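Some notes on the structure that comes next.
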Amino acid sequence: MLVVTHGNDTPSSGLALLRNDCQNYAHLYAQKRVAQLEALNDGR
11 MLVVTHGNDT
21 PSSGLALLRN
31 DCQNYAHLYA
41 QKRVAQLEAL
51 NDGR
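Count along the sequence shown from 1, add 10, and you get the number used in my numbering.
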(Lines of atoms letter the chains of each structure in order from A; the text may use other names.)
(Lines give C-alpha, C1' and ligand atoms only; values in the text may rest on other atoms or scores of the structure.)
Protein backbone atom coordinates (compact mmCIF):
# COMPACT_ATOMS: atom_id res chain seq x y z
CA MET A 11 0.00 0.00 0.00
CA LEU A 12 1.26 3.46 -0.87
CA VAL A 13 1.85 5.72 2.11
CA VAL A 14 2.23 9.39 1.27
CA THR A 15 4.18 11.40 3.81
CA HIS A 16 4.08 15.15 4.23
CA GLY A 17 6.70 17.43 5.71
CA ASN A 18 8.64 15.78 8.53
CA ASP A 19 6.53 12.61 8.57
CA THR A 20 8.62 9.47 8.41
CA PRO A 21 7.15 5.95 8.21
CA SER A 22 8.00 5.50 11.91
CA SER A 23 6.36 8.73 13.07
CA GLY A 24 3.13 8.50 15.04
CA LEU A 25 1.14 10.45 12.47
CA ALA A 26 2.29 8.27 9.57
CA LEU A 27 1.57 5.09 11.54
CA LEU A 28 -1.88 6.36 12.44
CA ARG A 29 -2.62 7.23 8.82
CA ASN A 30 -1.48 3.77 7.73
CA ASP A 31 -3.65 2.11 10.40
CA CYS A 32 -6.68 4.07 9.18
CA GLN A 33 -6.03 3.01 5.58
CA ASN A 34 -5.66 -0.62 6.59
CA TYR A 35 -8.83 -0.50 8.71
CA ALA A 36 -10.82 1.08 5.90
CA HIS A 37 -9.58 -1.57 3.48
CA LEU A 38 -10.50 -4.42 5.83
CA TYR A 39 -13.91 -2.88 6.53
CA ALA A 40 -14.61 -2.57 2.80
CA GLN A 41 -13.66 -6.22 2.26
CA LYS A 42 -15.99 -7.34 5.06
CA ARG A 43 -18.80 -5.16 3.70
CA VAL A 44 -18.43 -6.63 0.20
CA ALA A 45 -18.47 -10.13 1.68
CA GLN A 46 -21.69 -9.30 3.58
CA LEU A 47 -23.39 -7.95 0.46
CA GLU A 48 -22.31 -10.98 -1.59
CA ALA A 49 -23.72 -13.27 1.11
CA LEU A 50 -27.04 -11.39 0.99
CA ASN A 51 -27.16 -11.71 -2.79
CA ASP A 52 -26.44 -15.44 -2.59
CA GLY A 53 -29.29 -15.83 -0.10
CA ARG A 54 -31.90 -14.75 -2.63
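Note that the Cβ used here is the ideal one computed from N, Cα and C, for glycine as well. Every value quoted in this text rests on a predicted model; they were computed, and no experiment measured them.
Backbone CA spacing between residue i and residue j [nearest angstrom]
i   : j   : result
A26 : Y39 : 20 angstroms
D52 : Q46 : 10 angstroms
C32 : R43 : 16 angstroms
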